[in-house]
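Undergrad: Going line by line, the protein sequences match chains A and B.
Using the numbering used here, count along the first sequence one by one with no gaps and you end on 601.
Using the numbering used here, count along the second sequence one by one with no gaps and you end on 281.
Just so you know, even glycine gets a beta-carbon here, dropped at the ideal spot from N, CA and C.
Just passing along the structure, written as C-alpha cells.
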Amino acid sequence: MTGAPASTSGPTGYTGTVAHVFDVSNNMPWFLNPVNTFGGSTGATPSWVAGNGQVLIQKVVLAGATGTVTFSAIPQVFNHLRLVCMGELNQASADNFGVRIGVGGGAILTTGYDWQYTTSANITASGGQGLSSIIWPAARISGNVNASPGCCDIQFPCYSLGTFNKSYIAYGGAVPQVTGESNIVSGSCRSTTSPITSIAITSYTTPGTIAYLSGSAFYLYGVW
Amino acid sequence: MTTKNNPAGSSFTFVAADERGNSVTASSGGGLLLTGATGGFLYVPGMTGAPASTSGPTGYTGTVAHVFDVSNNMPWYLNPVNTFGGSTGATPSWVAGNGQVLIQRIILAGATGAVTFSGIPQVFNNLKLLCICKSVAGADFSVRFNGDSGANYDSQLVNVSGSTVSGQIVSADTQAYIGNIQGTSSVNYPGTISFEIPAYTSTTFFKTIIGNGGSNTSASGSSRVAWCTWRNTTNITSISCQSPTGNLATGSLFYLYGIW
Numbered sequence: 378m379t380g381a382p383a384s385t386s387g388p389t390g391y392t393g394t395v396a397h398v399f400d401v402s403n404n405m406p407w408f409l410n411p412v413n414t415f416g417g418s419t420g421a422t423p424s425w426v427a428g429n430g431q432v433l434i435q436k437v438v439l440a441g442a443t444g445t446v447t448f449s450a451i452p453q454v455f456n457h458l459r460l461v462c463m464g465e466l467n468q469a470s471a472d473n474f475g476v477r478i479g480v481g482g483g484a485i486l487t488t489g490y491d492w493q494y495t496t497s498a499n500i501t502a503s504g505g506q507g508l509s510s511i512i513w514p515a516a517r518i519s520g521n522v523n524a525s526p527g528c529c530d531i532q533f534p535c536y537s538l539g540t541f542n543k544s545y546i547a548y549g550g551a552v553p554q555v556t557g558e559s560n561i562v563s564g565s566c567r568s569t570t571s572p573i574t575s576i577a578i579t580s581y582t583t584p585g586t587i588a589y590l591s592g593s594a595f596y597l598y599g600v601w
Numbered sequence: 022m023t024t025k026n027n028p029a030g031s032s033f034t035f036v037a038a039d040e041r042g043n044s045v046t047a048s049s050g051g052g053l054l055l056t057g058a059t060g061g062f063l064y065v066p067g068m069t070g071a072p073a074s075t076s077g078p079t080g081y082t083g084t085v086a087h088v089f090d091v092s093n094n095m096p097w098y099l100n101p102v103n104t105f106g107g108s109t110g111a112t113p114s115w116v117a118g119n120g121q122v123l124i125q126r127i128i129l130a131g132a133t134g135a136v137t138f139s140g141i142p143q144v145f146n147n148l149k150l151l152c153i154c155k156s157v158a159g160a161d162f163s164v165r166f167n168g169d170s171g172a173n174y175d176s177q178l179v180n181v182s183g184s185t186v187s188g189q190i191v192s193a194d195t196q197a198y199i200g201n202i203q204g205t206s207s208v209n210y211p212g213t214i215s216f217e218i219p220a221y222t223s224t225t226f227f228k229t230i231i232g233n234g235g236s237n238t239s240a241s242g243s244s245r246v247a248w249c250t251w252r253n254t255t256n257i258t259s260i261s262c263q264s265p266t267g268n269l270a271t272g273s274l275f276y277l278y279g280i281w
C-alpha cells in the first residue's frame with residue numbers, strides 16, 4: 378500500500394483475524410486491531426496500529442570527508458524524529474554538531490534558532506544560551522585527534538505538526554582522552570511553525586566549511 | 022474463494038483468497054485465538070540471518086515479500102518501491118520490521134560482581150541498555166567492553182548531587198562511568214541507567230557511549246550525564262555492567278536492545 382491505511386471499514390468478515398498490510402511509502406507494517414484497548418487517539422476500535430515503533434528512515438556513513446549531511450524529503454507520517462550522530466571533524470580543534478532544519482520542501486533555514494544548554498568542560502559545569510542564531514548546537518564533536526569521536530542523540534518532537542515553533546532536544550559530547558566537553562541542549566526555531574521536511578547536520582562555528590571525516594555515521598529515525 | 026476445513030475437525034477455516042482480494046490464512050469463525058492456543062497461527066518463512074539478495078522475490082507485482090530472521094529476531098519486508106534515501110533507499114530493499122529488538126534481559130537471582138552480555142549480534146546499527154539496579158555498597162555504575170579491563174576508558178561527566186552541579190573528567194581509567202546507584206541499605210530505591218552505543222560494529226573510530234542515570238533516596242539524590250570513549254576501534258561483542266565497589270544486588274534488571 379502506498380501510504381498508511383485510512384479506512385477501517387473495509388477488512389471485515391473474518392472474525393478472530395487481524396488484517397496486515399505493508400506501507401511501501403513509509404516502510405511500515407500495519408495491523409488492524411479489532412479490539413484495541415489502548416486509550417486516547419490510539420485506542421479507536423478497530424484501528425490500524427503500527428507494527429514498528431521506530432523506523433530507520435536513512436543511514437549515512439560517509440565514504441569521504443563531507444561538510445554537510447542533509448536528510449531531505451523526510452516522510453511526514455511519524456510522530457517524532459530521532460537523529461543519532463557519531464563522528465569526527467577534519468581539523469585539529471573540537472567544535473559542535475550543528476543542526477538546521479528546512480520546512481515545506483524549501484531551503485534550509487539560517488535564522489531564528491534559539492537554544493539553552495548545560496555543559497561540562499572537564500571539571501567545570503556551566504550554562505548558556507543563543508538567541509535568534511544562525512544554527513542550533515547539538516553537542517561537542519572532536520577534532521581529528523586520537524580517533525576519539527563525538528556522538529549525540531537529537532530528537533525533534535511533533536515535527537510534522539504546524540502548531541508551535543519547531544523544537545529539538547539533544548545530548549552528547551566528546552572525550553578525546555585528557556579533555557572533554559558535553560552538552561545537554563534544547564531549543565526552538567522562531568522562524569517557523571511549519572512541518573520539518575529536511576535536516577542538515579554541519580559544523581557549528583562556521584557551517585559547511587569544516588568537513589566530517591570519512592566513517593562518520595548519521596542515523597535518522599521516524600518514531601511512531 | 023478456496024476453503025478447506027481443518028482435517029482435525031475444529032472450527033478453523035483456511036482460505037487462500039476471496040472475491041474481495043483478501044488473502045486469509047486462518048479464521049477461527051468464533052473469535053480471537055486464546056493466548057494458550059496451540060494452532061491457528063500464521064506461518065511465515067524463517068531465515069538464519071538477514072536476507073542478502075533482492076533479486077529472488079519477483080513476479081508478484083504489488084506485493085511485499087516477508088521473512089523472519091531467526092538469528093536476530095527480526096521481521097523483514099522487501100519494499101519494491103522504497104523511496105527512503107541513502108543506503109536505506111535502494112529499490113527494492115529489505116527493510117527491518119522492528120526498529121528496537123530486545124536482545125537479552127537479565128534479572129539477577131543473586132548478588133553478582135558483573136553482568137555480562139556476550140555474543141552480541143552484529144546486525145544492528147546501534148545498541149541501547151536500560152538498567153534498573155542497586156549495588157551492595159552503593160556507588161558508581163560502570164561498563165567495560167569485550168572483557169577489556171585495561172586503562173582504556175575516558176569519561177566526561179555532568180554530576181548533580183542535591184542542588185550542586187559539577188563537571189568531571191576521568192581519563193585512562195579501567196572502566197567507563199555512566200551513573201550512580203544506591204546501596205541495599207536504601208530499600209526499594211534503585212538507580213536507573215540508560216545508555217547508547219552508536220555504530221558499535223564500525224571499526225573506524227574508538228567506541229563511544231552517551232548515557233545518563235541516577236538514583237535517590239527519601240532524603241537525597243544524585244544523577245549523572247555521561248559521554249565515554251573506549252580507546253579501541255574493535256567492534257563490540259560483549260558488554261559488562263558493574264559497580265566498582267561492590268556486587269550488583271539481587272533483583273537488579275538489565276535490558277539490552279539492538280537498534281536498527
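Would you call the segment 258 to 278 of chain B in contact with the segment 562 to 573 of chain A, where contact means no fewer than 3 C-beta pairs closer than 8 Å?
TA: The answer is no - the segment 562 to 573 of chain A does not touch the segment 258 to 278 of chain B, with fewer than three Cβ pairs under 8 Å.
Undergrad: Between Trp-281/B and chain A, is any beta-carbon pair separated by less than 7 Å?
TA: Yes, its Cβ sits closer than 7 Å to a Cβ of chain A.
Undergrad: Just curious, the beta strand (DSSP E) that Ile-546/A is in, first and last residue?
TA: Element bounds for Ile-546/A: 543 to 551.
Undergrad: Kindly indicate the opening and closing residues of the beta strand (DSSP E) around Asn-180/B.
TA: It spans 174 to 182 - the beta strand (DSSP E) in which Asn-180/B sits, taken as one unbroken run.
Undergrad: Would you kindly work out how many angstroms separate the C-alpha atoms of Thr-495/A and Tyr-581/A, rounded to a whole number?
TA: About 17 Å.
Undergrad: Assuming Val-437/A and Phe-595/A make a contact with CB atoms under 8 Å, what is their CB distance in whole Å?
TA: That belief holds up - the Cβ atoms of Val-437/A and Phe-595/A are roughly 4 Å apart, short of 8 Å.
Undergrad: Using the C-alpha atoms, what's the distance from Phe-89/B back to Pro-28/B?
TA: Unreliable placement is indicated for Pro-28/B, whose pLDDT of 47 sits below 50; the coordinate value is still reported in the next sentence. Roughly 27 Å between the two C-alpha positions.
Undergrad: Residues of chain B with CB closer than 9 Å to the CB of Ile-561/A, please, in chain order.
TA: Within chain B, the residues near Ile-561/A are Val-179, Asn-233, Val-246.
Undergrad: Strictly below 8 Å CB to CB, what residues from chain A border Leu-269/B?
TA: Correct list: empty, because the minimum Cβ distance to chain A is about 25 Å.
Undergrad: Could one say the Cβ of Leu-433/A lies closer than 7 Å to chain B's Cβ atoms, at least one of them?
TA: So yes, Leu-433/A belongs to the interface.
Undergrad: Leaving out five residues before and five after Gly-507/A in sequence, what residues of the same chain have Cβ atoms less than 6 Å from its Cβ?
TA: Around Gly-507/A: Trp-492.
Undergrad: Pull out every residue of the segment 480 to 511 of chain A whose Cβ sits closer than 7 Å to any Cβ of chain B, in chain order.
TA: Those would be Thr-495, Ser-497, Ala-498, Asn-499, Ile-500, Thr-501, Ala-502, in chain order.
Undergrad: My parser needs the beta strand (DSSP E) runs of 3 or more residues fully inside the segment 381 to 463 of chain A; what are they?
TA: Within the segment 381 to 463 of chain A, the complete beta strand (DSSP E) runs of at least 3 residues are 396 to 400, 405 to 410, 424 to 427, 431 to 438, 446 to 448.
Undergrad: Determine the closest residue to Gly-272/B out of Gly-168/B, Lys-155/B, Lys-228/B, Ala-220/B, with distance taken between C-alpha atoms.
TA: Among Gly-168/B, Lys-155/B, Lys-228/B, Ala-220/B, the Cα nearest to that of Gly-272/B is on Lys-155/B.
Undergrad: For Gly-188/B, return the contacting residues in chain A, with the cut-off set at a CB-CB distance below 7 Å.
TA: Ser-497, Ala-498, Asn-499, Ile-500, Thr-501, Ala-502, listed in chain order.
Undergrad: Within 10 Å of its beta-carbon, does Gly-30/B have 16 or more other beta-carbons around it, so buried, or fewer, so exposed?
TA: Note that Gly-30/B scores 47 on pLDDT, short of 50, meaning its location in the model is unreliable; the coordinates nonetheless yield the value given after this. Exposed, since its Cβ has fewer than 16 Cβ neighbours within 10 Å.
Undergrad: Is it buried or exposed, Glu-217/B, if we count other Cβ atoms within 10 angstroms and call 16 or more buried?
TA: That one is buried.
Undergrad: What is the rounded straight-line gap between the Cα of Gly-592/A and the Cα of Asn-410/A?
TA: C-alpha separation (whole angstroms): 42 Å.
Undergrad: Report yes or no: is there a C-beta of chain A within less than 7 Å of the C-beta of Leu-274/B?
TA: So, not an interface residue.
Undergrad: Leu-150/B lies in the beta strand (DSSP E); which residues open and close that run?
TA: From DSSP, the beta strand (DSSP E) with Leu-150/B extends over 147 to 154.
Undergrad: What does a CB cutoff of less than 6 Å around Leu-277/B pick up in its chain, not counting 5 residues either side in sequence?
TA: Within the same chain, Leu-277/B has close Cβ partners Ile-124, Gln-125, Phe-138, Leu-150.
Undergrad: Is there a C-beta anywhere in chain B that falls below 7 Å from the one on Gln-604/A?
TA: Missing from the structure shown is residue 604/A; chain A here goes from 378 to 601 and no further.
Undergrad: Just list the residues that DSSP pairs Pro-219/B with in beta bridges.
TA: Paired residue(s): Asn-147/B.
Undergrad: Name the residue from His-457/A, Ser-503/A, Thr-570/A whose alpha carbon lies nearest to the alpha carbon of Tyr-366/A.
TA: No answer is possible for residue 366/A: it lies beyond the span of chain A, which begins at 378 and ends at 601.
Undergrad: So that I know if they touch, is there some Cβ in chain C lying closer than 7 Å to that of Phe-227/B?
TA: Absence of chain C from the displayed structure is noted, the protein chains being A and B.
Undergrad: Within 10 angstroms of the Cβ of Asn-209/B, are there 16 or more other Cβ atoms? Answer buried if so, exposed if not.
TA: Exposed: under 16 other Cβ atoms inside 10 Å.
Undergrad: Between Ser-384/A and chain B, is the shortest Cβ-Cβ distance under 7 Å, so that the two count as touching?
TA: With 7 Å as the cut-off, Ser-384/A does not count as an interface residue toward chain B.
Undergrad: Among the residues of its own chain, which have a CB less than 7 Å from the CB of Ala-117/B, if the five just before and after it don't count?
TA: Within the same chain, Ala-117/B has close Cβ partners Met-95, Trp-97, Trp-281.
Undergrad: Is Asp-491/A helix, strand or coil by DSSP?
TA: The answer is strand: DSSP assigns Asp-491/A an E or B state.
Undergrad: Around the Cβ of Thr-255/B, are there at least 16 other Cβ atoms within 10 angstroms (buried) or fewer (exposed)?
TA: Per the 10 Å Cβ criterion, exposed.
Undergrad: Does Val-401/A get closer than 7 Å to chain B when you measure Cβ to Cβ?
TA: At least one chain B Cβ lies under 7 Å of Val-401/A.
Undergrad: Start and end of the beta strand (DSSP E) containing Ser-206/B?
TA: No beta strand (DSSP E) contains Ser-206/B, which DSSP labels as neither H nor E.
Undergrad: Once you ignore the five residues that flank Ala-515/A on each side, which residues in its own chain have a CB closer than 6 Å to its CB?
TA: The answer, listed in chain order, is Phe-474, Val-476, Cys-529, Ile-531, Ala-547.
Undergrad: Looking at the strands, I want to know which residues DSSP matches up with Asn-499/A.
TA: The partner list for Asn-499/A (beta bridge, DSSP) is empty, contrary to what the question assumes.
Undergrad: Just to confirm my understanding: we take Pro-101/B, look at its own chain, exclude 5 residues before and 5 after, and list those with CB closer than 6 Å. What are they?
TA: Within the same chain, Pro-101/B has close Cβ partners Pro-113.
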